[in-house]
Each structure stands twice: as structure tokens, then as C-alpha cells.
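Engineer: Sharing a structure, written as C-alpha cells. Questions coming.
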Amino acid sequence: MAKLAEIKQENIICAAIEIFSEKGLDQASMEAIAKKAAVSKRTLYKYYPTKESLFSVIIERLLSSITVLSDIAFEQNKSLTEQLTCIAEKEVELLRSAPFIALTRMVMRECMGSKALANVLMEKLESLESAYGMTQWIEQGINAKQLKVEHPAIASEQFIASLKSIIFWPQLMAHTPPPDVATQRIVINCAVQQFVAAYQIK
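To convert, note that position 87 of the sequence shown is 87 in UniProt numbering; the numbers rise steadily by one, no gaps.
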């Protein structure tokens, strides 16, 4: 059972996300956040003394969601196609998620308008060691002598980028609906085939 303090902090974070999305960080007030979260301003300031400290926690929440691939491991008894398809499906599930899209849009908007906030985002990204599950999977595949990849981190980014180009960026930037299941399957299959053709040891 969650402690009362944890519930209050969760309510504050959810309220801040909603207020920041509606008004932007500059126009949002701590008073409005406290009211939305149904807590006193004293309680709000106890946990988060500034809007920037709240926004930093929101960035951490966004980044924690992208660790969906952090626990994957290379399996020698499964084909590359099968493993990559599973990886892509996990990533696509996140990329088409409405809450993830909305949170990313809000964070990106604020970071684009503030170098200080952008620096906070980049620092947290750099320290997020567990976010590189795909890179680790590639390195394990190299050690298993099934993959030949000169730059694992770049290959990882290219694979994820091939999914984002159709699944993620149009939703984020143009507010388009997520692609249908058939299109999603085509995107995944193309990404997998390109990776296997480029890096599998024949």
C-alpha cells in the first residue's frame, strides 16, 4: 500500500504535468499546481521548492519510460528476426502511447525554449546507463558471433530511428493519429530486415 507522502507526490507530479502542458512552465503557478493536486502550498513546497525542481522530476519520469529495452538479452537459440521483431514491438508500444507522446511534447517544448532546461535533459540522458539495452543486445550478439557491427551504439540508434520516423514523429509534431496495425507491421518488418541484411554474419 502506497504511503500518503508518495500519493501526495504522485498527485503533485500529475497536476504539474497537466498545468505545464496547458500553460507552459513560465505561465504556470505553484498555487495552481497545489490546487489541482489538492494539497496545500506548504506541502507542495516541502517536496518541490520550485517549478524547475518539479520539471526535473517530470524529465526523470519521461526518461524512465524509455528504458523499455533495458532488460533485453541476446538469445542464441532464437533467430535475429524473431528477437528484433520482439524488440521493435516493445519500442513501438511505447512510441504510439498517447501519454508518452503528450509528455514528450511538453518536455520538448519547454527544453526548446530554455537552454538551462535542455541542459538538465541532456545531463539526465547521459547518466541513464540502463537506456542502452539495444546497444547491449548488439554487443552480446557480436560476442555470440552472430552480428558484425563496427559501431553498436550507432546501429542501435539507427534501428530505433527507423521506427520513430513513421510511428513517433508524425504523432509528436503533426498530431496525427498513430498508424494502423498493418502499417505498424510493415514498419517493423522493414526495420528488422534492414538490420539483419546489414549486420548478420552469414
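Idealized CB from N, CA, C, for every residue including glycine.
Report the partner residues of Leu147 according to the DSSP bridge assignment.
Structural biologist: Gln200
Engineer: Determine contact between the stretch 180 to 187 and the stretch 140 to 160, defined as no fewer than three beta-carbon pairs at a distance below 8 Å.
Structural biologist: no
Engineer: Is Tyr45 near Val57, with beta carbons less than 9 Å apart?
Structural biologist: no
Engineer: Our contact map puts Glu91 next to Val68 with C-beta atoms below 8 Å; I'd like the distance itself, whole angstroms only.
Structural biologist: Here Glu91 really is in contact with Val68; their C-beta atoms are around 6 Å apart, less than 8 Å.
Engineer: When DSSP labels each residue in this structure, what does Tyr45 get in the three-state scheme?
Structural biologist: helix
Engineer: Could you check whether the stretch 150 to 157 touches the stretch 80 to 100, counting it as contact only if at least three pairs of C-beta atoms, one from each stretch, sit closer than 8 Å?
Structural biologist: no
Engineer: Could you name the residues of the same chain whose beta carbon sits closer than 6 Å to that of Leu54, not counting the 5 residues immediately before and after it, in chain order?
Structural biologist: Ala16 and Tyr48
Engineer: Using DSSP with H/G/I as helix, E/B as strand and the rest coil, what is Asn77?
Structural biologist: In the structure shown, Asn77 falls within a coil segment according to DSSP collapsed to helix, strand and coil.
Engineer: Please state whether the Cβ-Cβ distance between Ile101 and Ile87 is less than 9 Å.
Structural biologist: Between Ile101 and Ile87, the C-beta spacing is not below 9 Å.
Engineer: Distance, Cα to Cα, Ser130 vs Ser70?
Structural biologist: Caution is warranted here: a pLDDT of 44 is assigned to Ser130, below 50, making its placement in the model unreliable, and no coordinate value can be reported.
Engineer: Alpha carbon to alpha carbon, what distance is there between Leu95 and Lys164?
Structural biologist: 7 Å
Engineer: From the DSSP output, in three-state form, read off Lys3 for me.
Structural biologist: coil
Engineer: Since Val187 and Ile166 are thought to touch, with beta carbons under 8 Å apart, how far apart are those beta carbons, to the nearest angstrom?
Structural biologist: 5 Å
Engineer: Please state the DSSP three-state secondary structure of Val187.
Structural biologist: helix
Engineer: Tell me where the alpha helix (DSSP H) around Ser97 begins and ends.
Structural biologist: Premise fails: Ser97 is in no alpha helix (DSSP H) and is neither H nor E.
Engineer: If contacts are defined as beta-carbon pairs under 8 Å, then Leu125 and Leu63 qualify, I think. What distance do you get, rounded to the angstrom?
Structural biologist: Right, the Cβ-Cβ distance comes to about 7 Å (below 8 Å), so this counts as a contact.
Engineer: For Ser114, which of helix, strand or coil comes out of DSSP?
Structural biologist: coil
Engineer: Got a sec? Which residues, its chain only, sit under 6 Å from residue 204 by beta carbon, not counting five neighbours each side?
Structural biologist: The structure shown has nothing for residue 204, since the chain only spans 1 to 202.
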